[in-house]
Amino acid sequence: MALYTIFWIIIKYLVPVAILTYSVIKFNPFLIMISVLWLLVSLIVSLINFSIKSNFVKS
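Note that the numbering used here gives residue 8 to position 7 of the sequence shown, counting from 1, and the numbers run on in steps of one.
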């Protein structure tokens with residue numbers, strides 16, 4: 002696994018989870034909203050990329 006892939010995973014998933022954990026402990030609704038949106042958007046983009054790549058593999 003390349004180093005940039007590890008950094009990308011950290012930026013994409015671990016940072017919003019850390020923000021979400023901190024915001025739940027301190028109860029900051031704005032940070033909760035931002036981190037949940039960040040996670041949802043990153044998951045949606047990953048699913049879209051997966052479907053695009055699978056379409057190229059099929060053809």
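Every residue gets a Cβ at the ideal spot worked out from N, C-alpha and C, and that includes glycine. Every value quoted in this text rests on a predicted model; they were computed, and no experiment measured them.
Item	Value
Close-in-space but distant-in-sequence residues of the same chain around ILE1 (CB under 8 Å, 5 per side omitted)	This structure cannot speak to residue 1, because the chain is shown only from 2 to 60.
beta-carbon THR6 near the ligand SAM non-hydrogen atom, thresh 6 Å	Ligands displayed in this structure: none; no statement on the ligand SAM is therefore possible.
Top-ranked residue by Cα proximity to SER43, from PHE28, LYS13 and VAL25	LYS13
Extent of the continuous alpha helix (DSSP H) to which PHE8 belongs	4-10
Backbone CA spacing between ASN56 and THR22 [nearest angstrom]	36 Å
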